[in-house]
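Read through the structure below, which is laid out as structure tokens, and then see the notes.
In this note's numbering, the protein residues as written are 191 to 401.
Here it is as structure tokens:
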């Protein structure tokens, strides 16, 4: 799977997506091109993404900021030095304490090398991460899409994306998630770009503020 190399390429691919689906062109006409969102491909990003599971972005960011204030730099070693009680003070749930500790220990013990992970293709990255408790397909989708910029990722577990598909009436209102997955294949090998447009619509329509 290819990666998107630059913002210029990204905007060109946005135009390609609107040719495949004219309803997406109305998003760009109304709200301009989506940002070429990027998160660093590192431990801190994975921690933030775990915190974002099944909660609002604002709640996850608040927990992450509390962690950052306590340890200054979000590294596996620094996180493992905290007690469960200290993590609870940072708004970590019991499950997310467990998940983040497992990830941190995997790195500290040398079983997971995030720098080496960057050099693998998307299926290998998914295979390597999926066995870690607390890291499912949605978390991996966010990582390979926003941090590594693989070009053909659609996250069917992402509620905002699914809602945008329905709201833009890209599919019939009674369509199932499997039918949405099939619909999104029309954007392959650039499903990631269409996903960014859908996110952009969802965020702008609700006037959400992202940090």
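Beta carbons: idealized from backbone N, C-alpha and C, even for Gly.
Notebook entry, point to check: Secondary structure at residue 193, three-state DSSP: helix, strand or coil?
Noted result: Locating residue 193 in the chain shown gives position 3, counting from the first residue. Here residue 193 sits in strand by DSSP.
Check: With a Cβ-Cβ cutoff of 8 Å, do residue 231 and residue 264 count as a contact?
Finding: Taking the chain shown and counting its residues from 1, the one referred to as residue 231 is at position 41. Taking the chain shown and counting its residues from 1, the one referred to as residue 264 is at position 74. No, these two residues do not count as a Cβ contact at 8 Å.
Item checked: Other residues of its chain near residue 250: CB distance less than 7 Å, five sequence neighbours each side excluded -> In the chain shown, the residue the question calls residue 250 occupies position 60. Short of 7 Å from the beta carbon of residue 250, and not among the five residues preceding or following it, lie these beta carbons of its own chain, in chain order: 238, 241 and 242.
Notebook entry, point to check: For the candidate residues 215, 193 and 206, whose alpha-carbon lies nearest to that of residue 390?
Noted result: Mapped onto the chain shown, residue 390 falls at position 200. Ranking the options by Cα distance to residue 390, first place goes to 215.
Checklist line | Cβ neighbours of residue 223 in the same chain (closer than 7 Å, five flanking residues each side left out) | finding: As a position in the chain shown, residue 223 is number 33, starting the count at 1. Taken in chain order, the residues that qualify are 201 and 204.
Next item on the list: Give me the Cα-Cα distance between residue 285 and residue 273, rounded to the nearest whole angstrom.
Entry: Mapped onto the chain shown, residue 285 falls at position 95. Mapped onto the chain shown, residue 273 falls at position 83. Their Cα atoms are separated by approximately 14 Å.
Note to self: Strictly by DSSP, which residues pair up with residue 344?
What the structure shows: Here residue 344 is taken as the residue at index 154 of the chain shown, counted from 1. Per DSSP, none; premise fails for residue 344.
Note to self: So the candidates are 385, 324, 392 and 271; which of them puts its Cα closest to the Cα of residue 244?
What the structure shows: As a first step, residue 244 must be located in the chain shown, where it is residue number 54. Minimum Cα distance to residue 244 is reached at 324.
Note to self: I need the straight-line Cα distance from residue 302 to residue 266, nearest angstrom please.
What the structure shows: Locating residue 302 in the chain shown gives position 112, counting from the first residue. Locating residue 266 in the chain shown gives position 76, counting from the first residue. Straight-line Cα distance between these residues: approximately 11 Å.
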